[in-house]
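Enquirer: Sequence lines, in order, name chains A and B. In terms of full-length UniProt numbering, the first sequence opens at residue 1 and continues consecutively. In terms of full-length UniProt numbering, the second sequence opens at residue 1 and continues consecutively. From the three backbone atoms N, C-alpha and C, an ideal C-beta is built for every residue, glycine too. There's a structure below that I have some questions on.
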Amino acid sequence: MQRHLISAADLTRDDAVLILDTAEEMARVADRPIKKLPTLRGRTVVNLFFEDSTRTRISFEAAEKRLSADVINFTAKGSSVSKGESLKDTAQTLEAMGVDAVVIRHSASGAPYRLATSGWIDAAVVNAGDGTHQHPTQALLDAFTMRRRLVGRDAGLGKDLDGRRITLVGDILHSRVARSNVDLLHTLGAEVTLVAPPTLLPVGVETWPCEVSYDLDSTLPKSDAVMLLRVQRERMNAAFFPTEREYSRRYGLDGDRMAKMPDHAIVMHPGPMVRGMEITAEVADSDRCTVVEQVANGVSIRMAVLYLLLGGNEPAVSHARPTEEK
Amino acid sequence: MDKQQDQQQEARPVLEGPDIARVLTRIAHEIVERAKGADDVVLLGIPTRGVFLARRLADKLEQITERKMPVGSLDITMYRDDLRMHPPRALARTEIPGDGIDGRLVVLVDDVLFSGRTIRAALDALNDIGRPRAVQLAVLVDRGHRELPIRADYVGKNLPTSLRETVKVQLAEEDGRDTVLLGAKPAAPGAHP
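This is the structure:
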């Protein structure tokens, strides 16, 4: 039996709704004076971060500690990885220490999948972002934020995002957040539209379960949520658009553009935001922008995922896709 | 042989609707009597059926005391000691009344008291939420077979059972009718949920 969360595409609708509902209960723990549950007492979780990410790591760490797990943080910098140790050797070291779960962030797409399926380690593997491939807990926390804002906190329990129209704007090519979101939102019944310059769309995007547009202004009036993606300059090895100014003019969200959105529509961003380029300060600081909520929701979602994968003697989350990988 | 006969035996009702209403009324009066007016009582039901019973008790207490009775629910799933013996369960709702439980008399309400492990988990959960003045326990049915030194303060009906029997509580809010059924346990032996 598999007990990993590698890709948002692995989740069935029922799994995804179960995770969102569980996260809603976990969010209540955050409102209490003692934000701790004994659920994972005696279990060891390793945060294995081969790529820098303070935000995701502390989010996972907070979730693990709130569930009383023993947490080991591993960053590649200054470890034996910089001396040339392979992923396999690292995994076998962790296995020998009796680790129950590994939360892995890696710059290589597919590293978590390799770790989960190679037989090197018996622990549950949770993908915390691999290359340009997937970031499933980010997609889940985004869906959670949308459900809370668009359907309602208590009214949303048991429900998906059927018929909601979500627009993702920006650097789709380099974005694991976009890939994970398209997969999950499609599973949850939402209609997704990608808006980006043609140079920032991946080959084969026409096979994804979503619409593609190059024109942000015409998409805004029919969007329930608009998610801006960070332009990932660190992954860009060529010129994908002429100037930042032009990108900002065509694909950035400012106050005037936000006014074209329906009144109930929300603005989302996975962070970190590049203010002035993808989003103006006016939009980022408005009460329609959910960036800070997304961070808080991230802890609840990660608690839910860890509870459902590790809380019992077998995971509660099933797997739609058994072995093949994109 | 015996077992097969048991399994064929129909579950028989030991408490019907009017009996349940009557024992809840009695428990409500006992709470008022023991808590000397029930001024600081908070009722917390344990999902699923304990919550319905807590609400019914609150209604009855309101009739007696003519005061609004704070009532909530306490999910104990995350505090169970058998979590790792089963797949993880979906969580139920924990709702603590606005004024909290600090310094109050918390009455936990559940449908069946069996091993006592659920109540142990509930006491742990309470510990994380606040510090009540005292905690009491009200159950509709006490079927015995305790595995921990825990007893109820208010019992609707003491029901001596064998471990081969099951006690099933049905309430109108969830099951469409009020009844307590005593039946034979199907096949594999396992712990009380």
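Which of helix, strand or coil does DSSP assign to residue 48(A)?
Expert: Here the question's residue 48(A) lines up with position 48 in the first sequence. Residue 48(A) falls in the strand class under three-state DSSP.
Enquirer: May I ask you to report which of helix, strand or coil DSSP gives residue 203(A)?
Expert: On the first sequence, position 203 is the one that residue 203(A) refers to. Reduced to three states, the DSSP call for residue 203(A) is coil.
Enquirer: Residues of the segment 19-34 of chain A with a CB closer than 9 Å to any CB of chain B: list them in chain order, please.
Expert: Cβ contacts with chain B come from 21, 22, 24, 25, 26, 28, 29, 32, 33, 34.
Enquirer: Taking residue 126(B) as the reference, give the member of 48(B), 95(B), 148(B) with the closest Cα.
Expert: Residue numbering aside, residue 126(B) sits at position 126 when the second sequence is read from its first letter. Taking only the C-alpha atoms, the option nearest residue 126(B) is 95(B).
Enquirer: Which whole-angstrom value describes the C-beta separation of residue 201(A) and residue 172(A), a residue pair presumed to lie in contact below a C-beta threshold of 8 Å?
Expert: In the first sequence, the residue the question calls residue 201(A) occupies position 201. In the first sequence, the residue the question calls residue 172(A) occupies position 172. Going by Cβ atoms, the distance from residue 201(A) to residue 172(A) rounds to 5 Å, so yes, they are a contact pair.
Enquirer: To the nearest angstrom, how far is it from the Cα of residue 46(A) to the Cα of residue 177(A)?
Expert: Position 46 of the first sequence, counted from the start, is the residue given in the question as residue 46(A). Position 177 of the first sequence, counted from the start, is the residue given in the question as residue 177(A). Distance between the alpha carbons of residue 46(A) and residue 177(A) is about 23 Å.
Enquirer: Note down the Cα distance separating residue 37(A) from residue 28(A), rounded to an integer number of angstroms.
Expert: On the first sequence, position 37 is the one that residue 37(A) refers to. On the first sequence, position 28 is the one that residue 28(A) refers to. Cα to Cα, the separation comes out at about 12 Å.
Enquirer: Within the continuous beta strand (DSSP E) that includes residue 232(A), where are the two ends?
Expert: The residue you call residue 232(A) lines up with position 232 of the first sequence. It is not in any beta strand (DSSP E) - residue 232(A) carries neither H nor E in the DSSP assignment.
Enquirer: Looking at chain A, which residues of the segment 76-92 of chain B have a Cβ within less than 7 Å of any of its Cβ atoms?
Expert: Cβ contacts with chain A come from 78, 79, 83, 84, 85, 86, 87, 88, 90, 91.
Enquirer: Identify the contact partners of residue 94(B) in chain A, using a Cβ-Cβ distance below 8 Å as the criterion.
Expert: Working through the second sequence from its first residue, we reach residue 94(B) at position 94. The answer, in chain order, is 25, 28.
Enquirer: Assuming residue 138(A) is part of the beta strand (DSSP E), what are its boundary residues?
Expert: On the first sequence, residue 138(A) is found 138 positions in, with the first residue counted as 1. Here residue 138(A) belongs to no beta strand (DSSP E); instead the alpha helix (DSSP H) covers 136-146.
Enquirer: Mind checking residue 189(A): buried by the 16 CB within 10 Å criterion, or exposed?
Expert: To locate residue 189(A), count along the first sequence from 1; it is residue 189. Under this definition residue 189(A) is an exposed residue.
Enquirer: Consider the Cβ of residue 64(A): report whether some Cβ of chain B lies at a distance smaller than 7 Å.
Expert: Taking the first sequence and counting its residues from 1, the one referred to as residue 64(A) is at position 64. Not an interface residue.
Enquirer: Quick check on DSSP: helix, strand or coil for residue 240(A)?
Expert: The count along the first sequence starts at 1 and reaches residue 240(A) at position 240. If DSSP states are grouped into helix, strand and coil, residue 240(A) belongs with coil.
Enquirer: Looking at the C-beta of residue 320(A), does it have a partner C-beta in chain B at a distance below 7 Å?
Expert: Here residue 320(A) refers to the residue found at position 320 of the first sequence. Low local confidence applies: a pLDDT of 45 at residue 320(A) is under 50, so the model's placement there is unreliable, with the coordinate-based value given in what follows. Closer than 7 Å: no.
Enquirer: Taking only beta-carbon atoms, is residue 140(A) less than 7 Å away from chain B?
Expert: For the purposes of this step, residue 140(A) is taken as the residue at position 140 of the first sequence. So, not an interface residue.
Enquirer: Please classify residue 156(A) as buried or exposed, where buried requires at least 16 neighbouring CB atoms within 10 angstroms.
Expert: By one-based count along the first sequence, residue 156(A) stands at place 156. Its Cβ being crowded by 16 or more others within 10 Å, residue 156(A) is buried.
Enquirer: Can you give the Cα-Cα distance for residue 88(B) and residue 75(B), rounded to whole angstroms?
Expert: By one-based count along the second sequence, residue 88(B) stands at place 88. By one-based count along the second sequence, residue 75(B) stands at place 75. Cα to Cα, residue 88(B) sits roughly 14 Å from residue 75(B).
Enquirer: Less than 7 Å between the C-beta atoms of residue 261(A) and residue 283(A), yes or no?
Expert: For this step, residue 261(A) is matched to residue 261 along the first sequence. For this step, residue 283(A) is matched to residue 283 along the first sequence. No, these two residues do not count as a Cβ contact at 7 Å.
Enquirer: Drop a sphere of 10 angstroms on the beta-carbon of residue 119(B), count the other beta-carbons inside from all chains shown, and report buried for 16 or more, exposed for fewer.
Expert: Numbered from 1 along the second sequence, position 119 holds the residue referred to as residue 119(B). By the neighbour-count rule (16 or more Cβ atoms within 10 Å), residue 119(B) is buried.
Enquirer: Could you work out which residues of chain A lie near residue 128(B), taking near to mean beta carbons separated by less than 8 Å?
Expert: The residue given as residue 128(B) occupies position 128 in the second sequence. Within 8 Å Cβ-Cβ: 32, 34, 36, 37.
Enquirer: For residue 230(A), count neighbouring Cβ atoms within 10 angstroms of its own Cβ and tell me buried if that reaches 16, exposed if not.
Expert: For the purposes of this step, residue 230(A) is identified with residue 230 of the first sequence, where counting begins at 1. Buried.
Enquirer: Is the separation between the beta-carbon of residue 35(A) and that of residue 66(A) shorter than 7 Å?
Expert: Counting from one through the first sequence, the residue named residue 35(A) turns up at place 35. Counting from one through the first sequence, the residue named residue 66(A) turns up at place 66. Cβ distance < 7 Å, so residue 35(A) and residue 66(A) count as in contact.
Enquirer: In chain B, which residues lie with their C-beta within 7 Å of the C-beta of residue 316(A)?
Expert: Counting from 1 along the first sequence, the entry for residue 316(A) is found at position 316. Result: 87, 88.
Enquirer: Label residue 275(A) either buried or exposed according to how many other C-beta atoms from any shown protein chain fall within 10 Å of its C-beta, with 16 as the threshold for buried.
Expert: Within the first sequence, residue 275(A) is the residue found at index 275, counting from 1. By the 10 Å Cβ count, residue 275(A) comes out exposed.
Enquirer: Considering only their Cβ atoms, is the gap separating residue 40(A) from residue 228(A) smaller than 7 Å?
Expert: Taking the first sequence and counting its residues from 1, one reaches residue 228(A) at position 228. Taking the first sequence and counting its residues from 1, one reaches residue 40(A) at position 40. No, they are not a contact pair.
Enquirer: Could you name the residues of chain A that residue 124(B) contacts, counting a contact when the two beta carbons are closer than 9 Å?
Expert: One-based indexing of the second sequence puts residue 124(B) at position 124. Within chain A, the residues near residue 124(B) are 38.
Enquirer: Going along the chain, which unbroken runs of the beta strand (DSSP E) with 3 or more residues stay wholly within the segment 104-163 of chain B?
Expert: Correct list: 105-113, 134-142, 154-158.
Enquirer: Classify residue 203(A): buried if its beta carbon has 16 or more other beta carbons within 10 angstroms, exposed otherwise.
Expert: In the first sequence, counting from the first residue as 1, residue 203(A) sits at position 203. Flag for residue 203(A) reads exposed.
Enquirer: For the segment 118-137 of chain A against the segment 64-80 of chain A, are there 3 or more C-beta pairs whose distance is under 8 Å?
Expert: No, the segment 118-137 of chain A is not in contact with the segment 64-80 of chain A.
Enquirer: Does the beta-carbon distance from residue 329(A) to residue 298(A) come in below 7 Å?
Expert: Look at the range of chain A in this structure, 1 to 326, and you will see that residue 329(A) is not part of it.
Enquirer: Just curious, the alpha helix (DSSP H) that residue 186(A) is in, first and last residue?
Expert: Here the question's residue 186(A) lines up with position 186 in the first sequence. Segment 176-187, the alpha helix (DSSP H) holding residue 186(A).
Enquirer: Determine, for residue 42(A), whether the minimum Cβ-Cβ distance to residues of chain B falls below 7 Å.
Expert: Counted from its first residue, the first sequence places residue 42(A) at position 42. Chain B contact via Cβ: absent.
Enquirer: Which residue spans inside the segment 16-59 of chain B form an unbroken alpha helix (DSSP H) run of at least 4?
Expert: Entirely contained in the segment 16-59 of chain B, the alpha helix (DSSP H) runs reaching 4 residues are, in chain order, 17-34.
Enquirer: Short of 6 Å in beta carbon distance, which residues of its chain neighbour residue 105(A), apart from the five on each side in sequence? Order them along the chain.
Expert: Along the first sequence, read from residue 1 onward, the residue named residue 105(A) stands at position 105. Within the same chain, residue 105(A) has close Cβ partners 49, 51, 53, 128, 129.
Enquirer: For residue 92(B), which of 107(B), 45(B), 31(B) has the nearest alpha-carbon?
Expert: Position 92 of the second sequence, counted from the first residue, corresponds to residue 92(B). Selected option, being the one with the closest Cα: 45(B).
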